[in-house]
Amino acid sequence: MSALPRAHELGLIGCHVCGLVCRDTQIADAACPRCGSALHRRKPNSCARTWALLIAAFILYIPANLLPIMRTVSLGDVDDNTILSGVIELWVKGSPDLAVIVFTASIVVPMMKFLVIGTLLLSVRHCGTTWARTQRAKLYRLVEFIGYWSMLDVFVVSLLTALVQFGFFSQVEPLPGVVYFGLTVVLTMLASMSFDPRLIWDCKDEDD
Amino acid sequence: MNLPSSPRGQVNPALTSTLLICEHCDTVYRRRPLARGDVARCTRCHAVLERHQRIGLDAMLALVAGVMVVFVQANVWPIITLSLNGEQIRTRLWGIIAMMWQEHSQVVAVLAAATLFFFPLCKMLTLGWLLIFARAGRRAPGFKSLMVLLHYIGPWTMSEVFVLGVLVSIVKAHLYFDVTPDAGVYAYAVLAIFITIFSGIDVRRFWELLPEEAS
Chain A
24 MSALPRAHEL
34 GLIGCHVCGL
44 VCRDTQIADA
54 ACPRCGSALH
64 RRKPNSCART
74 WALLIAAFIL
84 YIPANLLPIM
94 RTVSLGDVDD
104 NTILSGVIEL
114 WVKGSPDLAV
124 IVFTASIVVP
134 MMKFLVIGTL
144 LLSVRHCGTT
154 WARTQRAKLY
164 RLVEFIGYWS
174 MLDVFVVSLL
184 TALVQFGFFS
194 QVEPLPGVVY
204 FGLTVVLTML
214 ASMSFDPRLI
224 WDCKDEDD
Chain X
49 MNLPSSPRGQ
59 VNPALTSTLL
69 ICEHCDTVYR
79 RRPLARGDVA
89 RCTRCHAVLE
99 RHQRIGLDAM
109 LALVAGVMVV
119 FVQANVWPII
129 TLSLNGEQIR
139 TRLWGIIAMM
149 WQEHSQVVAV
159 LAAATLFFFP
169 LCKMLTLGWL
179 LIFARAGRRA
189 PGFKSLMVLL
199 HYIGPWTMSE
209 VFVLGVLVSI
219 VKAHLYFDVT
229 PDAGVYAYAV
239 LAIFITIFSG
249 IDVRRFWELL
259 PEEAS
């Protein structure tokens, strides 16, 4: 056993909601004495739930990128924009720095979430591996922290829709892509929340 | 020792607050008092265990009151003005939400309403309510459920993202129209700063700060 004791070795459970340290009573539906939430050694069915949410998010991510998210009508000129073409337009005509921000928020961050959470899930299968554990733990925290910035493009489309309503000659309309994209962001957020980072450390190891 | 019994009937003795479990890797630590500005990190996974709280309860309540004022301004004042051929259009947050609803993107309208209006509002009102009683050294009515509520709505407020969204929208709309940011954007920017300060506050310490009243 390593020098740092872990809760389950000492027969303790930390409450997921309020953080209270409780004795593990081995009772199936034990509740936290302080906040009343159910006590679990690990988040229940963490892997299965996270896989399900991640796969659902990935399925929605495909139409989110392929379908246009926004239509601009200007003097009879109809222009449908996907997420990527919006980024390109911003790069070419607007400001490249903002294009980089939007590209990061709407393409890099979701892709990274799929890759990182997928890798984490694979790595914790069958009791996991001790490979790069500190780095994986850091990666998880990063993904959890930046996840919601992907909402950026959804807000941009909403704002432009509300603003540009000059009747027949100039208009912005949201298209279905933006709905899929919003749902992707919510599902990836739920996926990273349902993943239990403790699983990264749950394997028989001699020392860290 | 009088053991608190859990709502489901089983006795589940808590080990007071001398121990601390890392939420990310389950390592158990003995709690140490933190000096000003200190951050306790897990030596195994480097996650933050605890931060020293610079802000007292009074300051927190003042902050909540400040955020409430800015929040009202952010919602009442228009965010952006767009002008074309002498015509002007202003929009507010609720204008955006209503427009998305009408334009068959109800999912987006609900998401925006929840993450930009209802959840932040709910968070502030809850915190304010808890703080008013905490200053008197008491647990507010509904303390337990409100603390659990705060835990769950925590990650679902996105005002900061919205500020960046406004910025991007201004640049995008500027390609075709005259756009000027309105007072609402500045209110949102201030709100985003407030929210960042807030996220550094560990609300969980209320559990230890406020003793449970004898039942």
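Chains A and X, in that order, are what the protein sequence lines are.
Under the working numbering, the first residue of the first sequence is numbered 24, with each subsequent residue one higher.
Under the working numbering, the first residue of the second sequence is numbered 49, with each subsequent residue one higher.
In this text, a Cβ means the ideal position worked out from N, Cα and C, and glycines have one as well.
**Prompt:** Which residue spans inside the region 106-145 of chain X form an unbroken alpha helix (DSSP H) run of at least 4?
**Reply:** Within the region 106-145 of chain X, no complete alpha helix (DSSP H) run reaches 4 residues.
**Request:** State yes or no: is the beta carbon of Thr174 of chain X nearer than 8 Å to at least one beta carbon in chain A?
**Result:** Output row for Thr174 of chain X: interface = no.
**Prompt:** What residue range is occupied by the uninterrupted alpha helix (DSSP H) comprising Cys93 of chain X?
**Reply:** Run containing Cys93 of chain X: none; DSSP gives neither H nor E here.
**Prompt:** Using the beta-carbon of each residue, which ones in chain A are nearer than 8 Å to Asp230 of chain X?
**Reply:** Per Cβ cutoff of 8 Å: no residues; Asp230 of chain X is ~11 Å from chain A at best.
**Item:** Contacts of Trp172 of chain A in chain X (Cβ-Cβ under 9 Å)
**Value:** Below the 9 Å Cβ cutoff, chain X contributes Met206, Glu208, Val209, Leu212 as neighbours of Trp172 of chain A, in chain order.
**Message:** For Ala21 of chain A, count the other beta carbons within 10 Å of its own beta carbon; 16 or more makes it buried, fewer makes it exposed. Which is it?
**Reply:** Here chain A has residues from 24 to 231 only, and residue 21 of chain A is not among them.
**Request:** Confirm, please, whether the CB-CB distance from Cys70 of chain A to Val180 of chain A is below 8 Å.
**Result:** Going by C-beta atoms, Val180 of chain A is not nearer than 8 Å to Cys70 of chain A.
**Contact residues within the region 216-243 of chain X, judged by C-beta distance below 8 Å to chain A** = Against chain A - using a Cβ distance shorter than 8 Å - the residues of the region 216-243 of chain X are Val216, Ser217, Val219, Lys220, Ala221, His222, Leu223, Tyr224, Phe225, Val227.
**Asked** Does Ala160 of chain A have its Cβ less than 8 Å from a Cβ in chain X?
**Response** Using a Cβ-Cβ cut-off of 8 Å, Ala160 of chain A counts as an interface residue toward chain X, since at least one Cβ of chain X sits closer than that to its own.
**Request:** Name, going along the chain, the residues of the region 164-197 of chain X whose beta-carbon falls closer than 7 Å to a beta-carbon of chain A.
**Result:** Residues of the region 164-197 of chain X whose Cβ lies closer than 7 Å to any Cβ of chain A, in chain order: Lys192, Met195, Val196.
**Message:** Can you find the residues in the same chain that come closer than 6 Å, C-beta to C-beta, to Gln3 of chain X, ignoring five residues on each side of it along the sequence?
**Reply:** Nothing about residue 3 of chain X can be read from this structure; chain X reaches only from 49 to 263.
**Asked** Looking only at its own chain, which residues have a Cβ that is under 6 Å from the Cβ of Leu107 of chain A, when we skip the five neighbours before and after it?
**Response** Here the set comprises nothing.
**Request:** Could you tell me the boundaries of the beta strand (DSSP E) in which Thr95 of chain A lies?
**Result:** Run containing Thr95 of chain A: 93-97, per the beta strand (DSSP E) assignment.
**Request:** Let me know if Lys220 of chain X comes out buried or exposed under the rule of 16 or more other beta-carbons within 10 Å of its beta-carbon.
**Result:** Counting the other Cβ atoms within 10 Å of the Cβ of Lys220 of chain X gives 16 or more, which makes it buried.
**Item:** Residues of the region 72-103 of chain X with Cβ closer than 7 Å to any Cβ of chain A, in chain order
**Value:** Of all residues in the region 72-103 of chain X, His72, Cys73, Asp74, Thr75, Val76, Thr91, Arg92, Cys93, His94, Ala95 have a Cβ within less than 7 Å of some Cβ in chain A.
**Request:** Please name the residue or residues paired with Ala54 of chain A in a DSSP beta bridge.
**Result:** Beta-bridge partners of Ala54 of chain A (DSSP): A:Ala61.
**Request:** Tell me whether Pro81 of chain X sits in a helix, a strand or coil according to DSSP, three-state version.
**Result:** Note: Pro81 of chain X maps to coil in three-state DSSP.
**Message:** Under 8 Å, Cβ to Cβ, is there at least one residue of chain A near Gly248 of chain X?
**Reply:** Output row for Gly248 of chain X: interface = no.
**Asked** Unbroken alpha helix (DSSP H) runs of length 4 or more, entirely within the region 214-262 of chain X: which are they?
**Response** Segments of the alpha helix (DSSP H) lying fully in the region 214-262 of chain X: 231-247, 253-257.
**Request:** Please check the pair Cys226 of chain A and Thr142 of chain A, which I expect to be a contact at CB under 8 Å, by giving their CB distance rounded to whole angstroms.
**Result:** Between Thr142 of chain A and Cys226 of chain A the Cβ distance is about 16 Å, and since that is not below 8 Å, they are no contact.
**Message:** On the criterion of 16 or more Cβ atoms from any shown chain inside 10 Å, does Glu229 of chain A qualify as buried, or is it exposed?
**Reply:** With a pLDDT of 44 at Glu229 of chain A, under the threshold of 50, the predicted position of this residue should be treated as unreliable, though the coordinate-derived value follows. With fewer than 16 other Cβ atoms within 10 Å, it is exposed.
**Asked** Counting pairs of beta carbons, one from the region 58-73 of chain A and one from the region 87-105 of chain X, are three or more of them closer than 8 Å?
**Response** With a cut-off of 8 Å, the region 87-105 of chain X and the region 58-73 of chain A do not count as touching, because too few Cβ pairs lie within range.
**Prompt:** In three-state terms, what does DSSP make of Cys226 of chain A?
**Reply:** Three-state result, Cys226 of chain A: coil.
**Request:** Count the C-beta pairs between the region 203-220 of chain X and the region 163-183 of chain A that are closer than 8 Å, then say yes if the count reaches three, no if not.
**Result:** Yes, the region 203-220 of chain X touches the region 163-183 of chain A.
**Message:** Taking a contact to mean a Cβ-Cβ separation below 8 Å, would you say Val233 of chain X touches Ile127 of chain X in this structure?
**Reply:** Cβ distance < 8 Å, so Val233 of chain X and Ile127 of chain X count as in contact.
**Prompt:** For chain A, is any of its Cβ atoms less than 8 Å away from the one on Gly143 of chain X?
**Reply:** True, the Cβ-Cβ gap to chain A drops below 8 Å.
**Prompt:** What does a CB cutoff of less than 6 Å around Leu175 of chain X pick up in its chain, not counting 5 residues either side in sequence?
**Reply:** So the list reads Val112, once near-sequence residues are dropped.
**Message:** For the beta strand (DSSP E) containing Cys70 of chain A, name the first residue and the last one.
**Reply:** It is not in any beta strand (DSSP E) - Cys70 of chain A instead sits in the alpha helix (DSSP H) that spans 69-89.
**Asked** Who does Pro197 of chain A pair with in a DSSP beta bridge?
**Response** Answer is A:Met93.
**Message:** Going by DSSP, what residue range makes up the beta strand (DSSP E) through Asp102 of chain A?
**Reply:** 100-104 is the span of the beta strand (DSSP E), which, as asked, contains Asp102 of chain A.
**Message:** For Thr75 of chain X, count the other beta carbons within 10 Å of its own beta carbon; 16 or more makes it buried, fewer makes it exposed. Which is it?
**Reply:** Buried, since its Cβ has 16 or more Cβ neighbours within 10 Å.
**Asked** Between Ala30 of chain A and chain X, is there a C-beta pair that is closer than 8 Å?
**Response** Yes, Ala30 of chain A counts as interfacial toward chain X.
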